[in-house]
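Residue numbering for the sequence shown follows the numbering used here, starting at 32 and increasing by one per position. Read through the structure below, which is laid out as C-alpha cells, and then see the notes.
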Amino acid sequence: MKVKVFLIDMLYFLVGSIIYSVAIITLLSPNKISPGGVTGVATILNYLFSLPLGTVVFILNIPLLALGFFGFGKEFIIKTAVAIVVASVTLDLCQVLLPKIHLDLILAAVFGGGLMGLGISLVMLRGSTTGGVDIVAKFINRKYPYLSVGKIMLFIDALVVTVAAFVYKNTSSALYSVISLYSSSKIMDLMLYGADKGKIVYIISDKTQDIVSQILTVVNRGVTIIDVVGGYLGEKRKMIMCTVRRNEVHAVYKSATNADNNAFIVVAEAGEIFGTGFKK
32 MKVKVFLIDM LYFLVGSIIY SVAIITLLSP NKISPGGVTG VATILNYLFS
82 LPLGTVVFIL NIPLLALGFF GFGKEFIIKT AVAIVVASVT LDLCQVLLPK
132 IHLDLILAAV FGGGLMGLGI SLVMLRGSTT GGVDIVAKFI NRKYPYLSVG
182 KIMLFIDALV VTVAAFVYKN TSSALYSVIS LYSSSKIMDL MLYGADKGKI
232 VYIISDKTQD IVSQILTVVN RGVTIIDVVG GYLGEKRKMI MCTVRRNEVH
282 AVYKSATNAD NNAFIVVAEA GEIFGTGFKK
C-alpha cells in the first residue's frame, strides 16, 4: 500500500512540476513576469547571470528545508524535498527543450499564472508544497500569530515582484506579475477547494418556523436551528442555518423576507461542502 501511495505521489509531483515548469519557462520568464517566491528570485538570478533556473531553485530551497526540518513534521518535509527535486529537474529540462513564447503580456500573465497555479495545486493535493516561501511564512506565523500565512506570503511575493521590476527596468512588469499571481491563486482555489463553493445563510427572526417552512418548500434545502443569545439585551432567540449553492441564495433570501421582512440575514462563504445534496 505504501508503494502505491508513493507512486501516486510521484505521478502528481511529476505532472504538477511539468505544468509548473512549462508556465515559468515558456510564458512568464520570457515575458519578464515574476512568479514571486523562491522561483521569482531564481528567475531574477537567471536573467542577470544566465544561471540554470531549476538548479538555482534547488540551491535556494536547501537552507529553507533545513529550517523546516526542525519545525514541521518529518513526512511533510520529506515530501516537500522530493517535490522540490522533481520541480528543479523539470525546470532545467524545460529550459533546454521548450521554446520561449513572446506574446501579449496580459495573455502571458493570465495563462502563465493559471498554469502555475494548476501545477502547484497538483503537488499540494498530495500533502506537499513546492517549498520556499510557505516554509518561511509558517515560521514567521509561529512567532507572530496575528499575521496570517497568506498575508506573509503575499508580502514576500510583493517584495520579489518589486525587485524584479527594478531588475527588468520595467515597472509595468510588476503589474503583470500581480495579474499572474491572482490568476494562479484563483486556479489553486478552484483545484483545492472545488468549483462548487457554496454559501451559508444565517437567519435570526421571531418567525423561525414560518421561514423554515418557506425554505423547505421553495428551496428544498435542509436547515439547522440553533439556540442563540443576544449580546446586548441577553434575549434568547432561534437562528436558522442553511447551506446552499450560490444560485440558491436569492431564493433563501426571498423565503426569509416573505415570512419576516425584518429578519436579520447574514450570507457567508463556504469553501467546500460535503454531505447529502453536495459532494460525497
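Don't be surprised by glycine CBs; every beta carbon is placed ideally from N, CA and C.
For the ligand ZN, is there a heavy atom less than 8 Å away from the beta-carbon of residue i?
i, result
"arginine 157", "As for the ligand ZN, it is missing from this structure, which has no ligand bound."
Measuring CA to CA, which of the options is closest to residue i?
i, options, result
"serine 65", "Val191, Lys267 and Tyr263", "Val191"
"valine 53", "Pro130, Pro94, Lys182 and Leu95", "Pro130"
"leucine 76", "Ile50, Tyr199 and Ala112", "Tyr199"
"alanine 140", "Asn292, Ile242, Glu279 and Pro61", "Pro61"
"glycine 302", "Val69, Asn92, Ile296 and Lys230", "Lys230"
"histidine 133", "Leu178, Lys63 and Asp165", "Lys63"
"valine 275", "Val250, Arg268 and Thr288", "Val250"
"threonine 161", "Lys310, Ile50, Phe305 and Lys35", "Ile50"
"glycine 163", "Val232, Ile183 and Ser81", "Ile183"
"proline 94", "Asn292, Ala118 and Ala112", "Ala112"
"leucine 91", "Thr193, Ala294 and Thr74", "Thr74"
"glutamate 279", "Leu138, Gly308 and Gly262", "Gly308"
"leucine 124", "Ile55, Ile166 and Arg157", "Ile55"
"isoleucine 210", "Asn293, Leu138, Ile171 and Phe305", "Leu138"
Can you tell me whether DSSP reads residue i as helix, strand or coil?
i, result
"aspartate 135", "coil"
"threonine 161", "coil"
"aspartate 291", "coil"
"lysine 35", "helix"
"lysine 228", "coil"
"valine 283", "helix"
"lysine 169", "helix"
"lysine 238", "coil"
"valine 259", "strand"
"lysine 267", "strand"
"tyrosine 177", "coil"
"valine 254", "coil"
"leucine 156", "coil"
"asparagine 201", "coil"
Looking only at DSSP bridge pairs, what is residue i linked to?
i, result
"tyrosine 233", "Met272 and Val297"
"phenylalanine 305", "Lys310"
Beta-carbon within less than 7 Å of residue i's beta-carbon, same chain only, minus the 5 sequence neighbours each way: which residues are those?
i, result
"isoleucine 246", "Arg252, Val254, Cys273, Val283 and Ser286"
"methionine 155", "Leu223"
"leucine 212", "Gly67, Gly144 and Asp188"
"serine 216", "Gly148"
Which same chain residues, not among the five before or five after residue i, have their C-beta less than 8 Å away from its C-beta?
i, result
"isoleucine 108", "Leu96, Gly99 and Phe100"
Taking 6 Å as the limit between beta carbons, can you name the residues of its chain near residue i, skipping five residues before and five after?
i, result
"lysine 105", "none"
"aspartate 323", "As shown, the chain starts at 32 and ends at 311. That puts residue 323 outside it, with no answer to give."
"alanine 196", "Thr202, Ser204 and Ala205"
"serine 119", "Gly85, Val88 and Phe89"
Ranges of the alpha helix (DSSP H) found wholly within the region 46 to 129, counting only runs of at least 4:
Whole alpha helix (DSSP H) segments, 4+ residues: 68 to 80, 84 to 100 and 105 to 128.
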